[in-house]
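**Student:**
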Amino acid sequence: MRLLLLFSLCLLPRFSSAQGSTPDSVMRWFGDAKLGIFIHWGIYAVNGIDESWSFFNHYLSYADYMAQAEGFTASAYDPQAWGDLIDSAGARYAVLTTKHHDGVALWDSEAGPLNVAKRTPAGCDLVGPFVKALRERDLRVGLYYSHCDWSHPDYPIHTRQIRRYDITEEPARWQRFLGFHRAQLDELMTRYQPDLFWFDGDWEQTAEAWQAADLRAWLKARQPDLILNSRLTGYGDYATPEQGPPVTRPEAPYWELCLTMNDSWGYQRNDHNYKTPYQLIRIFADCISMGGNLLLDIGPRADGSIPPEQVTTLQQLGRWTHKHAEAIYHTRAGLPPEHFYGPTTLSADSSTLFLFLPHPPQGPIVIKGLKNRINRIRVVGQGTKLDHQVLSRVYWSEYPGLCYITVPAYTHDPDMTVIAVQLDGPVRLFRE
Ligand code: GLC
991 MRLLLLFSLC LLPRFSSAQG STPDSVMRWF GDAKLGIFIH WGIYAVNGID
1041 ESWSFFNHYL SYADYMAQAE GFTASAYDPQ AWGDLIDSAG ARYAVLTTKH
1091 HDGVALWDSE AGPLNVAKRT PAGCDLVGPF VKALRERDLR VGLYYSHCDW
1141 SHPDYPIHTR QIRRYDITEE PARWQRFLGF HRAQLDELMT RYQPDLFWFD
1191 GDWEQTAEAW QAADLRAWLK ARQPDLILNS RLTGYGDYAT PEQGPPVTRP
1241 EAPYWELCLT MNDSWGYQRN DHNYKTPYQL IRIFADCISM GGNLLLDIGP
1291 RADGSIPPEQ VTTLQQLGRW THKHAEAIYH TRAGLPPEHF YGPTTLSADS
1341 STLFLFLPHP PQGPIVIKGL KNRINRIRVV GQGTKLDHQV LSRVYWSEYP
1391 GLCYITVPAY THDPDMTVIA VQLDGPVRLF RE
């Protein structure tokens, strides 16, 4: 009974554990959205090299890195097409790099001179049209913003080897940087009213130095329903594991795996190491099964076109997400893994259990320790009604038996089949 209670408690809506305690009602859209698209777009796409890190790590000089600005044309930038692609992939939000660690702003910032409007042939604000395209499609708007700015003369660090100054020795200079930082965030808030800030680059300074608590309060006072990722030295709303799909369920009530499609965040023409749509679908199913989101990255070219491999992958992902929408969006984390060999999710009221089949089964699939009666089983997006058989149930024990379901080959999805098990009420599990 205690275990049952514990499990039911896990299913209740919870509050974010971050220092800020953003209410669940604000986090809800994020928890329901499941899939977001991350976009790394900047001058680094010109040569097709690592964003910011390539000069930070001295793989090329700062001057050569910045010379890429001359080739950043955005001449084929089509935010409407970007919006369509994001929408067709089944994403419910997107996050655009408005400024990476290199300090090059993607909007016509008035807080400083280093932006694509002033310094590149693109010559205009690139963030606004994107925000508009998302809003027109009812997609939520996330803005990536790097706290650290390796180009700014008042930021203490320039590269791995070059330190400009020590903030304890020149506090006024650091304050000047913070003023610039706040001015840029003010511009982004005023102009675009994002739903979410995806911060990055907090690790070089302490929470005190960033005035993180105050920054959080300032942002939330301006827009109470604004969501902040974790990269604000602990003052964010949700965790952001990067690249590594979690093996065990993260403890954070809200989290999002950010993941590249190949091995690069930005466009790199020599990186062909793409994950297949099937591999991405498996990772995505694991994320939602463990109560998280996937933020899948694309890297447009310097002219704003999206590489064809990335377009195709998003379209194939979209085929699967649209077909299986009811098992994805607005669901909750599924069963503890002992109950089913594969990812699972639960409907918001936890009375429908969705089973994801990463492999075509060689025999009937099995659910262990399910106490509910089953009203109906069907193949999601395909409709076939399936039979089940309960074995090993004994009248003198609480043990509910093993539930076998046969899934005929003709119902299988080419990527991953999903089965909906409609229960007689909220899921109840036997865990002794
Ligand atoms: C890291 C990197 C950065 C990348 C980001 C995405 O923090 O510094 O290059 O944009 O992760 O999560």
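Residue numbers for the sequence shown follow my numbering, beginning at 991 and rising by one.
Every residue gets a Cβ at the ideal spot worked out from N, C-alpha and C, and that includes glycine.
Assuming contact is defined by CB atoms lying nearer than 7 Å, are Phe1189 and Arg1212 in contact in what I supplied?
**Tutor:** No, these two residues do not count as a Cβ contact at 7 Å.
**Student:** Please go through the region 1066-1150 and give each complete alpha helix (DSSP H) segment of 4 or more residues, from N-terminal end onward.
**Tutor:** 1069-1079, 1106-1109 and 1117-1126
**Student:** Can you tell me the Cα-Cα spacing of Ala1292 and Leu1124, whole angstroms?
**Tutor:** 21 Å
**Student:** Cutting at 8 Å between CB atoms, please list the residues of its own chain near His1329, excluding the five before and the five after it.
**Tutor:** Ile1357, Lys1358, Gly1359, Leu1360 and Leu1419
**Student:** By Cβ distance below 6 Å, which residues in the same chain neighbour Ala1079 in space, the five residues on each side in sequence not counted?
**Tutor:** Leu1304, Leu1307 and Gly1308
**Student:** Closest to Asp1077 by C-alpha separation, out of Tyr1244, Arg1130, Gly1093 and Ser1099, would be which residue?
**Tutor:** Arg1130
**Student:** So, is His1349 buried or exposed, given that buried needs 16 or more other C-beta atoms within 10 angstroms?
**Tutor:** exposed
**Student:** Once the 5 residues before and after Gln1372 are set aside, which same chain residues still bring their CB inside 6 Å of it?
**Tutor:** If we look at Gln1372 and ignore the five residues flanking it on each side, its Cβ neighbours are Thr1401.
**Student:** Confirm the yes/no value for this check: CB of Trp1031, any heavy atom of ligand 1, distance under 6 Å.
**Tutor:** no
**Student:** Identify which residue in Leu1347, Tyr1049 and Trp1208 has its Cα closest to the Cα of Tyr1268.
**Tutor:** Leu1347
**Student:** Closest to His1030 by CA distance: which of Pro1416, Pro1297, Gln1352 and Gly1324 is it?
**Tutor:** Selected option, being the one with the closest Cα: Pro1297.
**Student:** Is Trp1188 near ligand 1, going by C-beta to nearest heavy atom under 6 Å?
**Tutor:** no
**Student:** At a cut-off of 6 Å, is Glu1246 close to ligand 1 when judged by its beta-carbon and the heavy atoms of the ligand?
**Tutor:** no
**Student:** State the Cα-Cα distance for the pair Val1408 and Gln1379, rounded to the nearest angstrom.
**Tutor:** 19 Å
**Student:** Count the other C-beta atoms from every protein chain shown that fall within 10 angstroms of the C-beta of Arg1153, then say buried if there are 16 or more, exposed otherwise.
**Tutor:** Burial call: exposed.
**Student:** What whole-angstrom Cβ distance do Gly1032 and Leu1096 have, given they're in contact under 8 Å?
**Tutor:** Contact check for Gly1032 and Leu1096: beta-carbon distance about 7 Å, within the 8 Å limit, so the pair qualifies.
**Student:** Judging by CA-CA distance, which residue of Phe1045, Asn1037, His1091 and Ser1340 is the nearest neighbour of Tyr1257?
**Tutor:** Asn1037
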